[in-house]
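Residue numbers (the working numbering): 518 to 653.
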């Protein structure tokens with residue numbers, strides 16, 4: 518079975534969707550207590566809710582990208598197909614990434630690092646979006 522290649526229009530949509538689910542997984546980590554090398558990191562629900570709001574904004578941006586680049590019907594169909602494909606696996610990857618980041622950074626430094634990585638990823642997605650718009 519041959520793998521299906523993504524078109525230049527589908528690549529920013531898929532990356533944005535993956536980033537949304539990773540942020541959701543990272544936010545799940547904020548609600549639990551973590552013990553690393555005899556150090557306790559306590560739950561921080563306020564930070565978790567901040568990241569959930571960020572994930573909701575990212576989902577809205579993903580839907581906007583899909584409808585703008587592929588059209589309303591085809592864009593939403595593409596999103597439904599990709600969400601059905603493996604969103605639990607991607608959220609699980611986000612939880613694992615969140616555990617590692619939270620073990621290294623905690624508190625406001627953790628949120629700052631996540632926001633910086635999020636902004637850098639969306640800068641790249643915006644670059645791919647502009648590149649896909651030139652192909653139209």
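In this text, a Cβ means the ideal position worked out from N, Cα and C, and glycines have one as well.
Cβ-Cβ distance between residue i and residue j below 8 Å
i           : j           : result
residue 619 : residue 570 : no
residue 608 : residue 542 : yes
residue 574 : residue 596 : no
residue 531 : residue 599 : yes
residue 654 : residue 648 : The structure shown has nothing for residue 654, since the chain only spans 518 to 653.
residue 536 : residue 638 : yes
residue 533 : residue 587 : no
residue 615 : residue 545 : yes
Through-space distance from residue j to residue i, alpha-carbon basis
i           : j           : result
residue 568 : residue 628 : 8 Å
residue 547 : residue 572 : 14 Å
residue 527 : residue 640 : 16 Å
residue 642 : residue 621 : 27 Å
residue 552 : residue 651 : 49 Å
residue 589 : residue 630 : 34 Å
residue 584 : residue 549 : 36 Å
residue 610 : residue 594 : 24 Å
residue 576 : residue 617 : 24 Å
Under the three-state DSSP convention, the category residue i falls into
i           : result
residue 551 : strand
residue 518 : Note that residue 518 scores a pLDDT of 41, beneath 50, so its modelled location is shaky; the value from the coordinates is reported in the next line. Residue 518: coil per DSSP, three-state reduction.
Endpoints, the alpha helix (DSSP H) within which residue i is located
i           : result
residue 538 : 527 to 546
residue 604 : 589 to 621
Counted within 10 angstroms of its Cβ, other Cβ atoms place residue i as buried (16 or more) or exposed
i           : result
residue 606 : exposed
residue 540 : buried
residue 538 : buried
residue 518 : Low per-residue confidence applies at residue 518: pLDDT is 41, beneath 50, and the placement is therefore not dependable enough to give any value.
residue 523 : exposed
residue 462 : Residue 462 is absent from the model: the chain starts at 518 and stops at 653.
residue 645 : buried
residue 560 : exposed
residue 601 : exposed
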